[in-house]
Amino acid sequence: MDRKRKKRSWRRVTNALSCLIVFCTTYALILPALTLETEAQQFYCDKEEHTHTEDCYHSKDPLCGKEEGESVEGHVHDDSCYEIKQTLICPLEESEEHVHDESCFQQEQVLICTKEESESVEGHEHSPKCYLSVDPVCGKEEHIHSKECTSNKDLKEKKEDWENSIPETLSDKLDEKIIQIAKSQKDYKEVKENFELDEEEKEHYYTRYGEWYGKPYEDWNIMFASFVLHYAGIKNEQIPYGHDWNEWIEDLSKKELFEPEGYEPQNGDLIFFKDQKDENVPDKEIKSYVGFLVDQDKNKAIVGDLNDQVKEIVLQEKEYETMAYVHPEQEVQEVEDEKQPTEQDPVEEGKEEKEELTEEGKEDKNEETKEEIEYRLPEEFKVETEDFTLTLKPRSILGEQEEQKEENKQPEEESKEQEETEKTTDNELQIKKFSLEPEENIQDKIDEEINRSEDELEQIQEEVKQKEEEEQNKPVPTLQIEKIDETTVENEEDQLEIQKLKEQSEKDTDPEQLLDLSFYKLRFFVERPRDFNGGSEVFDRS
1469 MDRKRKKRSW RRVTNALSCL IVFCTTYALI LPALTLETEA QQFYCDKEEH
1519 THTEDCYHSK DPLCGKEEGE SVEGHVHDDS CYEIKQTLIC PLEESEEHVH
1569 DESCFQQEQV LICTKEESES VEGHEHSPKC YLSVDPVCGK EEHIHSKECT
1619 SNKDLKEKKE DWENSIPETL SDKLDEKIIQ IAKSQKDYKE VKENFELDEE
1669 EKEHYYTRYG EWYGKPYEDW NIMFASFVLH YAGIKNEQIP YGHDWNEWIE
1719 DLSKKELFEP EGYEPQNGDL IFFKDQKDEN VPDKEIKSYV GFLVDQDKNK
1769 AIVGDLNDQV KEIVLQEKEY ETMAYVHPEQ EVQEVEDEKQ PTEQDPVEEG
1819 KEEKEELTEE GKEDKNEETK EEIEYRLPEE FKVETEDFTL TLKPRSILGE
1869 QEEQKEENKQ PEEESKEQEE TEKTTDNELQ IKKFSLEPEE NIQDKIDEEI
1919 NRSEDELEQI QEEVKQKEEE EQNKPVPTLQ IEKIDETTVE NEEDQLEIQK
1969 LKEQSEKDTD PEQLLDLSFY KLRFFVERPR DFNGGSEVFD RS
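See below:
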């Protein structure tokens, strides 16, 4: 029995040692691989990893503000530093009748000490406390590499990059053009190396469609569809672009773009579908998607942001439930054919002439009723927003009429100068010549000219004063600033202008220093004077 017990105990010990050896061996083999993986991990934050230690709070130079030195004893004059000196002030000489006493002398205290008064100086010797600092003096920023430091923000695309992915030659038919562009994006994947983290530390990856729309790290299913529509020539006014699912569905519903029930889908249509429920997976997340129908017979569609890429899938009823369709249509440009007048249709010819005259009359009437408002500019415009304060200082810009006046004024001044030069040759004094009648007196003529000059001067002063009053009574424009939401800009020209400004800003500015890029519209308001019939004149400048 004892032998059996010993064998069991020995087996247990042997098994335990074997497990320990296997664990240590496995860990020793894995450790180098983990170390190499950590060392090979690259960080793109451009910051050195640093944690402040005690050494970061120790300065090389003393911080106490005191100089090191021995104690110095101060000195204050006391009675021992002075000597009493008596000076005779009595005007009488000493005699039998007068003997000098204390009143005949003036006592004066005279300093006889050779030391100067000074305060005591306490000696100081630097201790470790003199080198301690409340704030770190290492000159380094405390930084610990996190997951966000591994995101390579330089992995971005420019406009020419994603436009190169689109075929150069596209079909004239809209449905075929949409399919061509959608298929050209097939198999595009999110850039996993470039991401942002949300509050829950969840990664959101970069895409070219988000970059095109202005939201590079958001869900991009709708932005992919908007991208294809845009490059197929569908304007935002026809089918609104979007990025948020609920807002986009609302915009499409307002424009009544969804096809009715019983609609026969066509290639190139936008198809809306969602995941089917699975009874075996009650917690399955049901997602909604939008894609482009590329093969109606085989029920094939190309979808963005499906498993983090652009994919071509077959919409099987077991997996997906189709919800709605939107049929993109080519914008129809209304071009009126010029109707040639004929002898058989004189009524129509007269009608057209009458319409043309009416339109011309309207234009002339609008031009006549268009009135200009005179206003004066302040020294500066100042407007405050939550982010910044904008100050604009106006500068005068000559209009066409003023430029013409300046051009005409210059030769006139030159001719006047030339006349004056001819008149005042050799610095001769020019005397105004008068033609006198036989009965007139020269003095009366001079007095008359003097009075006339005084009247002209007063008239000029009154005119200047009147102009100043008129200038002061002119309305002063007010300035308002409005932030532009790029997603709501419908005008294609404005969108192109914003895109150009964005590219120019990114080109002229270091991306690391460009924290945010926003666009604002400046609106200048000028109130009409009371002589006009109400309202205000608005000048838009953006």
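Using the numbering used here, the letters of the sequence shown map in sequence onto residues 1469 to 2010.
Every residue gets a Cβ at the ideal spot worked out from N, C-alpha and C, and that includes glycine.
Fair warning: this is a prediction, and the values are worked out from it, not measured in the lab.
For D1743, the pairing in a beta bridge is given by DSSP as Y1788.
Contact between the stretch 1669 to 1678 and the stretch 1619 to 1632 is established, with three or more Cβ pairs separated by less than 8 Å. K1657 and K1745 have their C-alpha atoms roughly 26 Å apart.
In terms of Cβ geometry, S1756 and K1742 form a close pair [threshold 7 Å]. The three-state secondary structure of R1991, taken from DSSP, is strand. Measuring C-alpha to C-alpha distances from E1667 to each of Y1709, E1616, S1639, A1650 identifies E1616 as the nearest. Nearest C-alpha to K1752 among F1760, L1738, Q1764, E1787: E1787.
Residue pairing of G1759 in beta bridges, as defined by DSSP: I1739, V1771.
Sequence-distant Cβ neighbours of V1994 in its own chain, meaning closer than 6 Å and more than five residues away, are I1841, Y1843, P1943, P1945, E2005. DSSP places S1571 in the helix class (H, G or I) of the three-state scheme. Scanning the stretch 1641 to 1723 for uninterrupted alpha helix (DSSP H) segments of 4 residues or longer gives 1642 to 1652, 1676 to 1681, 1689 to 1699, 1713 to 1722, listed from N- to C-terminal end.
Of C1487, E1551, Y1685, E1926, the smallest CA-CA separation from K1670 is found for Y1685. If you ignore the 5 residues before and after H1613, its C-beta comes within less than 6 Å of the C-beta of F1511, E1517, all in its own chain and listed in chain order. If you check the CB distance, I1646 and G1736 come in under 7 Å. In this structure, DSSP gives Q1929 a helical state, which the three-state scheme calls helix. When L1556, S1563, E1564, L1560 are compared, the shortest CA-CA separation from E1570 is found for L1556. Sequence-distant partners of Q1734 (beyond 5 residues in either direction) whose C-beta falls short of 8 Å from its own C-beta, in its chain, are D1643, L1761, Q1764, H1795. Boundaries cannot be given for E1636, as no beta strand (DSSP E) includes it and DSSP labels it neither H nor E. Our two residues, Q1554 and T1582, have alpha carbons roughly 21 Å apart in a direct line. When rounded, the separation of the alpha-carbon atoms in L1720 and V1957 is 16 Å. Looking only at R1476, P1530, S1601, the smallest Cα-Cα distance to C1524 is reached by S1601.
Annotated three-state conformation of S1986 is coil, per DSSP.
Spanning the alpha carbons of P1846 and E1965 requires a straight line of approximately 30 Å. For E1628, the secondary structure class from DSSP, reduced to helix, strand or coil, is helix. With a beta-carbon spacing of about 43 Å, I1739 and T1853 fall beyond the 8 Å limit used to define contacts. Taking the C-beta atoms as reference points, S1639 is found no nearer than 7 Å to S1652. By the Cβ rule, the stretch 1706 to 1718 counts as touching the stretch 1691 to 1698, because three or more pairs are nearer than 8 Å. Per the coordinates, the alpha-carbon of P1862 lies some 12 Å from the alpha-carbon of L1947.
Looking from the CA of Y1731, the closest CA among P1708, E1664, T1790 belongs to T1790. Per the DSSP secondary-structure output, H1611 pairs in a beta bridge with H1518. In this structure V1544 is not in contact with V1589, their Cβ atoms being roughly 14 Å apart against a cut-off of 8 Å.
Taking a 10 Å sphere around the C-beta of P1750, we find fewer than 16 other C-beta atoms and assign the residue as exposed. Within 10 angstroms of the beta-carbon of V1778 lie 16 or more other beta-carbons, which makes it buried. For T1637, the closest of P1604, Y1699, H1611 by C-alpha to C-alpha distance is Y1699. In the structure shown, E1587 adopts coil according to DSSP, grouped into three states. Taking every protein chain shown into account, the CB of Y1709 has 16 or more other CB atoms within 10 angstroms, so this residue is buried.
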